[in-house]
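Colleague: Quick one: this structure, given as C-alpha cells, is what I'll be asking you about.
Okay, here's the thing in C-alpha cells:
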C-alpha cells in the first residue's frame, strides 16, 4: 500500500476521485449489461397470426407468426413466418391456458388483429419455442 501512496503522492485528489468514479461506473455497467450465461429467455413479441395447427406433433397445437427470433434475441427458429407451440399436450402449461391461447390465436387469425406473445425459448417442442401467453387487444 505504501508503494501505491508514493506513486500517487504527486497526483491531484480530483483526478484520483475522477478515476475512482470511472472505475466504479465501468464495474456497474459490466454487472448490468454483461451476458448472464445460460438463463431462461422470455420475451414479449407482437405479430399477426398467419396460421394455426392442431396435431399430435409439436406439443399438440401451434400458431404461425411473423419472424421475431432475431429481433427479440431469442433462440427460436427464424424465417419469414415461424411457428410457436402453445403446448396443448400440457407439458409446461395447463389445459385451460393452452386451449385459451389456441382459441385467442384462431380469433386473431380470423380478425387479422395482432397478438402479443410471451415466448420462452428454453421450452421447445420439435425445436419450436413455447408461446406461454397470447394477448389479443385492439
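In my numbering, the protein residues as written are 30 to 167.
Think of the CB as a built atom: it goes at the ideal place given N, C-alpha and C, for glycine as much as any other residue.
(1) Buried or exposed: where does residue 162 fall if 16 or more other Cβ atoms within 10 Å of its Cβ makes it buried?
(2) May I have the straight-line CA-CA distance separating residue 133 from residue 90, to the nearest angstrom?
(3) Is the Cβ-Cβ distance between residue 159 and residue 112 less than 9 angstroms?
(4) Considering residue 157, what are the terminal residues of the beta strand (DSSP E) in which it resides?
(5) Would residue 142 be called buried (16 or more neighbouring beta carbons within 10 Å of its own) or exposed?
(6) Since residue 72 contacts residue 101 with CB under 8 angstroms, what's their CB separation in whole angstroms?
(7) Can you check DSSP and say which residues form a bridge with residue 140?
(8) Can you give me the Cβ contacts of residue 165 inside the same chain, cut-off strictly under 7 angstroms, excluding the 5 residues immediately before and after it?
(9) With burial defined as no fewer than 16 other Cβ atoms inside 10 Å of the residue's Cβ, what is the status of residue 114: buried or exposed?
(10) Let's see if you can read the secondary structure: which residues bound the alpha helix (DSSP H) around residue 101?
(11) Applying the criterion that 16 or more other CB atoms from any shown protein chain within 10 Å of the CB defines a buried residue, is residue 130 buried or exposed?
(12) In terms of residue numbering, what span does the beta strand (DSSP E) encompassing residue 112 cover?
(13) Between which two residues does the beta strand (DSSP E) harbouring residue 79 extend?
Modeller: Looking at the coordinates:
(1) buried
(2) 12 angstroms
(3) no
(4) Following the DSSP letters along the chain, one finds residue 157 inside the beta strand (DSSP E) bounded by residues 157-165.
(5) exposed
(6) Approximately 4 angstroms separates the beta-carbon atoms of residue 72 and residue 101; this is inside 8 angstroms, confirming the contact.
(7) In the DSSP output, where bridge partners are listed per residue, residue 140 has none listed.
(8) 133, 136, 137, 142 and 144
(9) buried
(10) Unbroken alpha helix (DSSP H) run through residue 101: 98-101.
(11) Buried.
(12) 110-114
(13) First-last of the beta strand (DSSP E) with residue 79: 71-83.
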